[in-house]
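Structure, as structure tokens:
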Amino acid sequence: DSYKHSLDAFSFNMVFVNRSLTLENIRCYGFDMDYTLALYKSPDYESLGFELIRDRMVSIGYPHELLRYTYDPSFATRGLVVDTKYGNLLKVDSNGNILVCSHGFRFLKGEDVHNYYPNKFIQRGDTERFYILNTLFNLSETYLYACLVDFFTRCTRYSNLINGFQHGDLLMSFRSMFQDVRDAMDFIHDTGILKERTIKNLEKYVIRDPKLPVLLRRIKEVAKVFLATNSDYMSYKFHISSSFQPGGAKPSWHSFFDLVVVDTRKPLFFAEGTVLRQVDTNTGKLRIGTYTGDLQHGTVYSGGSSDIVCDLLDVKGKDVLYVGDHIFGDILKSKKRQGWKTFLVVPELSKELHVWEEKKNLFEELKRLDVFLAELYTKSPPAGLQVLTYRMDMSYGQMGSLLRSGARQTLFASQLMRYADLYSSTCINLLHYPFNYLFMAPPVLVSALLLFKLLHRKKHKLLKEADYNEPEEAEHEDAAEESCKCVSR
Numbered sequence: 477d478s479y480k481h482s483l484d485a486f487s488f489n490m491v492f493v494n495r496s497l498t499l500e501n502i503r504c505y506g507f508d509m510d511y512t513l514a515l516y517k518s519p520d521y522e523s524l525g526f527e528l529i530r531d532r533m534v535s536i537g538y539p540h541e542l543l544r545y546t547y548d549p550s551f552a553t554r555g556l557v558v559d560t561k562y563g564n565l566l567k568v569d570s571n572g573n574i575l576v577c578s579h580g581f582r583f584l585k586g587e588d589v590h591n592y593y594p595n596k597f598i599q600r601g602d603t604e605r606f607y608i609l610n611t612l613f614n615l616s617e618t619y620l621y622a623c624l625v626d627f628f629t630r631c632t633r634y635s636n637l638i639n640g641f642q643h644g645d646l647l648m649s650f651r652s653m654f655q656d657v658r659d660a661m662d663f664i665h666d667t668g669i670l671k672e673r674t675i676k677n678l679e680k681y682v683i684r685d686p687k688l689p690v691l692l693r694r695i696k697e698v699a700k701v702f703l704a705t706n707s708d709y710m711s712y713k714f715h716i717s718s719s720f721q722p723g724g725a726k727p728s729w730h731s732f733f734d735l736v737v738v739d740t741r742k743p744l745f746f747a748e749g750t751v752l753r754q755v756d757t758n759t760g761k762l763r764i765g766t767y768t769g770d771l772q773h774g775t776v777y778s779g780g781s782s783d784i785v786c787d788l789l790d791v792k793g794k795d796v797l798y799v800g801d802h803i804f805g806d807i808l809k810s811k812k813r814q815g816w817k818t819f820l821v822v823p824e825l826s827k828e829l830h831v832w833e834e835k836k837n838l839f840e841e842l843k844r845l846d847v848f849l850a851e852l853y854t855k856s857p858p859a860g861l862q863v864l865t866y867r868m869d870m871s872y873g874q875m876g877s878l879l880r881s882g883a884r885q886t887l888f889a890s891q892l893m894r895y896a897d898l899y900s901s902t903c904i905n906l907l908h909y910p911f912n913y914l915f916m917a918p919p920v921l922v923s924a925l926l927l928f929k930l931l932h933r934k935k936h937k938l939l940k941e942a943d944y945n946e947p948e949e950a951e952h953e954d955a956a957e958e959s960c961k962c963v964s965r
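As structure tokens, then:
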């Protein structure tokens with residue numbers, strides 16, 4: 477029991493690997509701030525964001541009845557797609573096949589889904605119509621948008637149309653409603669309302685982890701460290717002071733970093749970037765002119781680009797490991813445009829692992845039925861497959877797992893596997909590894925070949941009696957099964 481307990485504890489502290497990476501080769505570690513170094517308490521922080529944007533929507537003219545809605549953390553998950561034409565929230569796979577569809581809080585099935593999407597498929601490239609909600613900040617607006625659709629669908633004052641709602645001469649299109657939600661989210665950030673409310677109750681909204689400064693100091697012993705955030709200087713100053721200094725001695729914020737860059741405007745930061753300027757740390761205002769000199773320690777910069785960061789720190793793209801929570805703004809762009817090594821922070825992974833541990837028997841049964849279906853070459857799923865899939869999904873929440881729907885990977889999971897070299901529930905888990913550690917990726921291709929061989933042999937066992945139990949073959953079977961477990965984790 478003690479061994480099992482220690483093994484379970486280790487799995488929750490693990491850093492997971494998609495591509496092999498040697499920490500000894502990393503000369504520079506970069507960090508985003510929000511949800512990466514600045515940690516927030518969920519669901520309290522998302523609930524605060526929801527209340528603020530809900531109140532903003534009412535203040536610009538939306539019905540006061542919306543104030544009855546409160547945030548439900550069990551509904552939304554990251555990686556959902558908003559269809560701004562029909563007002564639906566979609567959970568899709570990497571190819572655009574629809575896994576889950578909801579209209580407000582009503583989950584659509586079968587014929588209802590086909591009425592909107594005859595092929596149960598969307599063109600994700602149509603960015604004018606489809607918007608991917610990939611960030612943790614998006615959770616609040618995802619839920620508010622579902623509340624809006626739910627309210628207007630139920631409200632007898634409004635007529636339901638295919639593309640929105642009608643009240644007299646007023647048309648509320650799904651597209652305009654979503655844009656209003658996006659504008660409300662921008663408003664609470666740009667005006668500082670969210671920050672002000674957070675400051676008033678730090679204990680409720682901010683996680684102060686004493687291991688965070690320990691991690692940064694240890695990294696600084698072996699490599700350079702920088703922070704690149706879209707927030708302005710005053711927000712950076714607030715988050716650093718509230719996250720790193722809960723009491724006692726208060727070291728300089730800048731002692732944690734070799735370089736701090738604010739107002740980066742990611743993902744533009746990873747392309748042409750913007751003008752690099754110095755920040756007056758006394759006033760928070762920008763100094764005039766473009767900065768063109770060498771790195772000055774203790775100086776905070778604004779703007780710039782990833783190329784400028786590499787020049788200032790004298791490192792190449794392959795030397796950098798960048799840590800962030802935004803799969804598009806942090807991970808995808810830094811990987812594709814700069815060749816940086818990437819570490820994706822997925823706070824939801826703690827819950828995913830917890831449910832996996834509790835419900836792993838359900839998942840094993842689901843995999844068994846999938847294999848059984850493949851062996852029979854039939855279009856009809858085995859009895860109980862849909863029930864098991866539903867039970868497994870509901871263990872995570874109303875929208876199911878962040879990473880799967882049944883045994884199928886979500887769009888978020890496919891992006892995670894494609895663009896993140898490493899991922900974990902928190903960057904603090906790096907403390908559990910020495911800084912010369914070799915992270916080894918599972919041999920996915922080999923696993924697939926071994927699995928194919930295993931299934932192929934099982935098929936032939938059904939057709940004829942044969943002895944395939946030579947020791948070497950048995951070892952391959954065990955390897956295939958174990959590899960499948962590694963991939964599924």
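First residue of the sequence shown? That's 477 in this note's numbering, and the numbers climb one at a time after it.
Using N, Cα and C, we set each Cβ at its ideal position, and we do this for glycine too.
Predicted, not measured: the structure shown is a model, and the values here were computed from it.
Local conformation of residue i per DSSP, three classes
i: Lys-700; result: strand
i: Met-893; result: helix
i: Val-831; result: helix
i: Leu-752; result: coil
i: Arg-673; result: helix
i: Arg-880; result: strand
i: Phe-583; result: strand
i: Phe-492; result: strand
i: Tyr-505; result: strand
i: Asn-595; result: coil
i: Ile-683; result: strand
i: Ser-826; result: helix
i: Leu-678; result: helix
i: Phe-613; result: coil
i: Phe-606; result: strand
i: Ser-900; result: strand
i: Asp-559; result: strand
i: His-481; result: Here His-481 scores only 45 on pLDDT, less than 50, and its place in the model is too uncertain to base an answer on.
i: Gln-874; result: coil
i: Phe-551; result: coil
i: Lys-811; result: helix
i: His-730; result: helix
i: Pro-539; result: coil
i: Gly-601; result: coil
Bridge-paired residues (DSSP) for residue i
i: Met-648; result: Phe-641
i: Cys-631; result: According to DSSP, Cys-631 bridges with nothing at all.
i: Lys-817; result: Leu-797
i: Lys-567; result: Val-576
i: Phe-915; result: Leu-497
i: Ala-514; result: Asp-510
i: Asn-636; result: Phe-641
i: Val-534; result: Paired residue(s): none; Val-534 is not in a bridge.
i: Asp-787; result: Looking at the DSSP assignment, Asp-787 forms no beta bridge with any residue, so it has no partner.
i: Gln-885; result: Arg-880
i: Val-736; result: Leu-703, Val-776
Presumed contact (8 Å Cβ cut-off) between residue i and residue j, rounded CB distance
i: Gln-885; j: Asp-662; result: Incorrect: roughly 31 Å between the Cβ atoms, too far for contact.
i: Ser-718; j: Val-682; result: 5 Å
i: Ser-968; j: Val-738; result: Coverage of the chain is limited to positions 477 through 965, which leaves residue 968 absent and any answer about it impossible.
i: Thr-512; j: Leu-914; result: That pair is no contact at about 24 Å.
i: Tyr-607; j: Val-557; result: 7 Å
i: Leu-887; j: Gly-555; result: 6 Å
i: Met-868; j: Leu-892; result: Actually they are not in contact, since the Cβ atoms of Met-868 and Leu-892 sit about 19 Å apart, beyond 8 Å.
i: Lys-561; j: Asn-639; result: 6 Å
i: Asp-520; j: Lys-680; result: 6 Å
i: Val-799; j: Tyr-538; result: So it is not a contact: roughly 38 Å between Cβ atoms.
i: Tyr-709; j: Val-751; result: 15 Å between Cβ atoms; not a contact.
i: Met-509; j: Tyr-712; result: 7 Å
i: Ile-529; j: Ser-616; result: 6 Å
i: Val-698; j: Phe-911; result: 5 Å
i: Leu-907; j: Lys-687; result: 6 Å
Residue i CB to nearest heavy atom of the ligand ZN below 7 Å
i: Gly-780; result: Ligands in the displayed structure: none, and consequently the ligand ZN is not present.
Within-8 Å CB hit, residue i to chain C
i: Leu-808; result: Considering every chain present, this structure includes no chain C. It has just one protein chain.
Whether or not the region 489-499 and the region 637-645 are in contact is what I'm after, with contact meaning three or more pairs of Cβ atoms, one per stretch, closer than 8 Å; do they touch?
no
Should the region 761-781 be regarded as contacting the region 793-800, the criterion being three or more beta carbon pairs within less than 8 Å?
With the rule of 3 Cβ pairs closer than 8 Å, the region 761-781 does not count as touching the region 793-800.
Specify whether the region 525-533 and the region 817-836 touch according to this definition: at least 3 beta carbon pairs, one from each stretch, less than 8 Å apart.
no
Can you find at least 3 beta carbon pairs, one from the region 804-813 and one from the region 753-770, that sit closer than 8 Å?
Taking 8 Å as the limit for Cβ pairs, the verdict is that the region 753-770 does not touch the region 804-813.
With a threshold of 8 Å, are at least 3 pairs of Cβ atoms found where one atom belongs to the region 623-635 and the other to the region 577-590?
yes
Does the region 588-607 come close enough to the region 895-903 to have 3 or more Cβ pairs within less than 8 Å?
no
Just checking, does the region 694-705 make contact with the region 647-661 on the three C-beta pairs under 8 Å criterion?
Touching, no.
Three or more C-beta pairs under 8 Å: does that hold for the region 545-556 against the region 743-758?
No, because fewer than three Cβ pairs between the region 545-556 and the region 743-758 fall closer than 8 Å, the two stretches do not touch.
Just checking, does the region 550-561 make contact with the region 874-894 on the three C-beta pairs under 8 Å criterion?
Remark: three or more beta-carbon pairs, one from each stretch, lie closer than 8 Å, so the region 550-561 and the region 874-894 are flagged as touching.
Jot down the residue ranges of each uninterrupted beta strand (DSSP E) in the region 738-783, minimum 3 residues, whole runs only, in chain order.
776-778
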